[in-house]
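Engineer: If you read the sequences in order, they're chains A and B.
Position in the first sequence (from 1) plus 4 gives the number in my numbering.
Position in the second sequence (from 1) plus 4 gives the number in my numbering.
Every residue gets a Cβ at the ideal spot worked out from N, C-alpha and C, and that includes glycine.
Encoded as C-alpha cells, here's the structure I'll be asking about.
Number of protein chains: 2
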Amino acid sequence: MTKSTSGARAPRADAQRNRDHILDVAEQYFSAHGATGSLDAIAKQAGVGAGTLYRHFPTREALLAALLAARDDELVARRDQLRSGSLNPADALGGWLDAIKAWAGAFDGLPGPLRAATMTDSSPLSLTCEGFITTTEEFLHAAQRDGSARSDVRARDLFLSALAASWIEGAALADDGSAAALSDLTRHGWASTPSRTSDTTDTTDTTDTTDTTDTTDTTDTTDTTDHRITGHDGERTRGKST
Amino acid sequence: MTKSTSGARAPRADAQRNRDHILDVAEQYFSAHGATGSLDAIAKQAGVGAGTLYRHFPTREALLAALLAARDDELVARRDQLRSGSLNPADALGGWLDAIKAWAGAFDGLPGPLRAATMTDSSPLSLTCEGFITTTEEFLHAAQRDGSARSDVRARDLFLSALAASWIEGAALADDGSAAALSDLTRHGWASTPSRTSDTTDTTDTTDTTDTTDTTDTTDTTDTTDHRITGHDGERTRGKST
DNA sequence: AGTGAACAGGAGATACTCTCCGCTTAATCT
DNA sequence: AGATTAAGCGGAGAGTATCTCCTGTTCACT
C-alpha cells in the first residue's frame, strides 16, 4: 500500500516543505533581482543549506522551470480564452503572442534561458517552450487559413520574436515602449497585406524569403574590406568557427 | 612644447604596446569564447597582470567598445556605400539594418551589452549606439519620404530590432535561419503596404498605430513591466472588452 | 646619468557555483 | 514504544571570476 500505483515513493514531509519554501523565496528573489540572482543567496534567505537547494533544483533552469510551472497554467487559460473567444484569427494570434511576451518577462533575464531552451532541447524549460510553440502554430495556422497571416511565416520564429520583444524590454530599463514597438513591428510583419492586391510590385512579397540582404548588397563584398561585416553571407550559421 | 595643443600627454610606449596586445588577444578570445569570456584569462593569455588589463579597460564594456571601434569603420563605410548607391530607400534601410545585425553579432553575447548601452546612456558603447541610431533615422526618414516605410516607425526601435535579431542568432545555437526570419518579419513590419490601397478595410494602414495592439487585449504591452504576470488574470475577467 | 611620474604585476578580498560527506530526522518495521 | 534505515539536511570547501590595492619597475625628460 505504501507505493501503490506510482513507482516513486512519496516525498518526505520536510523535503516537500523545504521545496515549497525555496520556491516561495526564489519567486520573490528573482522578482527583485532578476533571473540571474545568486542561488546561494536564495538558499540563505530560505534558511536552508546550499546543498538542499541544489538537490531539489540541480540547475538554475530547473528552478526557473519549477517557478514557471505555476504561470504555465495562466498561459494555458489564456490560450483557451483566445480559442473560444469570438476573435478573428489574426487578433487571437496577436493576443497569444502578447501573452507569451508577458510570460517571458516574468523575471528580468528570463528571455535568455528561454531562448536557450528553445534551441537546445535539453533543458527543463524546453518542453514548456515546445508546447507553447505548438500552440503558436495552431493560432498561426488558423490565421493563415483565414488569409490574415502570410503563409511563409513559421510558428517557432513568431515565438522567438515574442521572446525577443520581451528581451528588449529587459532589465527594467525600457524607458519607453520599445518592446511594444517591436511587437507591433512584428505584427505588421506577419500580417498579410490588407486588401486584395496579392501580386503587385516586387520589393516585398515574392522573392524575399531567401534573404532581405541580397536585394541590396550589390557591391559590398568587393572593395570596402574583408568579409567581416559585409558578408552576412546568407546563413553561414554563425560568426565564430572555433 | 611638450604638451602643445592637447591637454593629455602622449602615452608611454610600453603602455601603448600592452594596450594593443591586449586588444589583439581579446579579439581572439571573445571570438572563441563569446563576449562573456573571462577577463582574467585574457590578461593571462596576453602575459600581463590583471591590474594592467583593468587599468586600460576598466570594465568589460570598455574593452568591447575598444574592440568594436575598429569595426565601426566598416559600418561607416557600409553606410556611405548604401548612401551613394543607386538603391531605393527601402532597400538601403534594409541593408543598413542587416549590417547592424551582423555588427552586433561579432561576438556571442554582444547584443546584451549593446542593448544595455542603448538604454542606459552611461556606457562606453552608448555613443556608438546612438550614432548608429542616428544613421538609422536618416535611412528611415528617406524611406518614409519615399512612402516605402510606415510613418509611425521609430529608428530606435528598428535598431533594437536588429539587435534582437542578432540576439536570436546568439550562442552558436541558431540551428536554422531564425534570425533571418526575424529580420524578414521586421522588414515586412516597417514596410508600407506595397500597392495603392490606402483606405480599404482597417487593419493596417490608416489607423494602424493603435489598432493592432489593443484589439485583442488591453492586457499587457503597456504596463506589464511592474505588475508581473499575475496581474494578468485580474484583467482577464473582463478580457472580452473588444 | 638621474629623477619623478607613469606603469606593470600579482596577491588578495569578495562573490558565486556546485559538490561532497558526516550528521539528523522522518517514516517504517517488530 | 523502541529500533532501524534511508532520505534528507547543512555547510565546509574547491574551483572560478571580478576587481582593487600596493610595491617594485621602467620609460621619458632633463
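1) Check whether the Cβ of leucine 164(A) lies closer than 8 angstroms to any Cβ atom in chain B.
2) Beta-carbon separation of leucine 164(A) and isoleucine 172(B) under 8 angstroms?
3) According to the neighbour-count rule (16 or more other Cβ atoms, all chains shown, within 10 Å of its Cβ), is proline 15(B) buried or exposed?
4) Does aspartate 161(A) get closer than 8 angstroms to chain B when you measure Cβ to Cβ?
5) Sort Trp107(B), Asp112(B), Ala184(B) and Thr132(B) by Cα distance to alanine 121(B) and report the nearest one.
6) Would you report the Cα separation of threonine 190(A) and serine 155(B), rounded to the nearest angstrom?
7) Which first and last residues belong to the alpha helix (DSSP H) in which valine 80(A) is found?
8) Tell me whether alanine 39(B) sits in a helix, a strand or coil according to DSSP, three-state version.
9) So, using beta-carbon positions, are serine 187(B) and alanine 108(B) closer together than 8 angstroms?
10) Given a cut-off of 8 angstroms, decide if alanine 195(B) and alanine 94(B) are closer than it, judged by their beta-carbon atoms.
11) Using a beta-carbon distance cut-off of less than 9 angstroms, what residues from the segment 42 to 63 of chain A approach chain B?
12) Going by beta carbon distance, what residues of the same chain come within less than 8 angstroms of glycine 113(B), once the five residues before and after it are set aside?
13) Leaving out five residues before and five after alanine 159(A) in sequence, what residues of the same chain have Cβ atoms less than 6 angstroms from its Cβ?
14) Let me confirm a value: glutamine 148(A) is counted as buried when at least 16 other C-beta atoms fall within 10 Å, else exposed. Which label applies?
15) Does any residue of chain B bring its CB to less than 8 angstroms from the CB of glycine 193(A)?
16) Alanine 168(B) versus chain A: which residues are under 7 angstroms apart at the beta carbon?
17) Would glutamine 85(B) be called buried (16 or more neighbouring beta carbons within 10 Å of its own) or exposed?
18) Taking only runs of the alpha helix (DSSP H) that begin and end inside the segment 86 to 121 of chain A, which ones reach a length of at least 4 residues, in chain order?
19) Alpha helix (DSSP H) containing glycine 151(A): first to last residue?
20) Any idea if glycine 99(A) is buried or exposed, counting beta-carbon neighbours within 10 angstroms, 16 or more meaning buried?
21) If you reduce the DSSP assignment to three classes, tell me which class alanine 195(B) lands in.
22) If the criterion is Cβ atoms closer than 8 angstroms, does the pair proline 117(B) and leucine 129(B) meet it?
23) For glutamate 65(B), which residues from the same chain have a beta carbon less than 6 angstroms from its beta carbon, with the 5 sequence-adjacent residues on both sides left out?
24) Out of Ser182(B), Ile26(B) and Thr63(B), state which residue places its alpha-carbon closest to the alpha-carbon of alanine 50(B).
25) Please classify glycine 181(B): does DSSP put it in a helix, a strand, or coil?
26) Please state the DSSP three-state secondary structure of serine 170(A).
27) Rounded to whole angstroms, how far is the Cβ of threonine 56(A) from the Cβ of alanine 47(A), which I believe are closer than 8 angstroms?
28) So which residues on chain B does leucine 71(A) lean against when the C-beta distance must stay under 9 angstroms?
29) So, leucine 1(B) versus alanine 54(B), is the Cβ gap smaller than 8 angstroms?
30) Mind checking if threonine 216(A) is an interface residue toward chain B, Cβ cutoff 8 angstroms exclusive?
31) Can you confirm whether arginine 23(B), when its beta carbon is compared against all beta carbons of chain A, has any partner nearer than 8 angstroms?
32) Pick out whichever of Gln32(B), Thr124(B), Ala146(B) and Leu71(B) has its Cα sitting closest to the Cα of serine 88(B).
33) Check this for me: beta carbons of alanine 19(A) and leucine 97(A), under 8 angstroms apart or not?
34) Determine the direct distance from the alpha carbon of valine 52(A) to that of alanine 247(B), and round the result to whole angstroms.
35) Tell me which residues share the same chain as serine 182(A) and place their Cβ nearer than 8 angstroms to its Cβ, disregarding the 5 neighbours each side in the sequence.
36) Helix, strand or coil for serine 202(A)? Go by DSSP, reduced to three states.
Structural biologist: Answer, in terms of the structure:
1) Answer yes: the Cβ-Cβ gap between leucine 164(A) and chain B drops below 8 angstroms somewhere.
2) yes
3) exposed
4) yes
5) Of the candidates Trp107(B), Asp112(B), Ala184(B) and Thr132(B), the one whose C-alpha sits nearest the C-alpha of alanine 121(B) is Thr132(B).
6) If I take the Cα positions, the gap works out to 16 angstroms.
7) 64 to 88
8) coil
9) Using a Cβ distance threshold of 8 angstroms, serine 187(B) and alanine 108(B) do not count as a contacting pair.
10) Result yes, Cβ atoms of alanine 94(B) and alanine 195(B) sit closer than 8 angstroms.
11) none
12) Excluding its 5 nearest sequence neighbours in each direction, glycine 113(B) has C-beta neighbours in its own chain below 8 angstroms: Gly38, Ala39, Thr40, Gly174 and Ala175, listed in chain order.
13) Ile137, Thr140, Glu141 and Leu144
14) buried
15) yes
16) Ala168, Trp171, Ile172 and Leu186
17) It counts as buried.
18) 93 to 108
19) Looking at the DSSP string, glycine 151(A) is not in any alpha helix (DSSP H), and its letter there is neither H nor E.
20) buried
21) If DSSP states are grouped into helix, strand and coil, alanine 195(B) belongs with the strands.
22) yes
23) Pro117, Ser127, Pro128 and Leu129
24) Ile26(B)
25) coil
26) Note: serine 170(A) maps to helix in three-state DSSP.
27) 7 angstroms
28) Simply none; closest approach about 11 angstroms.
29) With chain B represented from 5 up to 246, any question about residue 1(B) goes unanswered, as that position is not in the structure.
30) Low confidence applies here, because threonine 216(A) scores a pLDDT of 39, under 50, leaving its location unreliable and the question unanswered by this model.
31) no
32) Answer by Cα proximity: Ala146(B).
33) Contact flag unset, no.
34) No answer is possible for residue 247(B): it lies beyond the span of chain B, which begins at 5 and ends at 246.
35) Closer than 8 angstroms at Cβ, skipping near neighbours: Ile172 and Glu173.
36) Confidence in serine 202(A) is poor, its pLDDT being 32 and thus under 50, which makes the residue's placement unreliable; the coordinate value appears in the next sentence. Note: serine 202(A) maps to coil in three-state DSSP.
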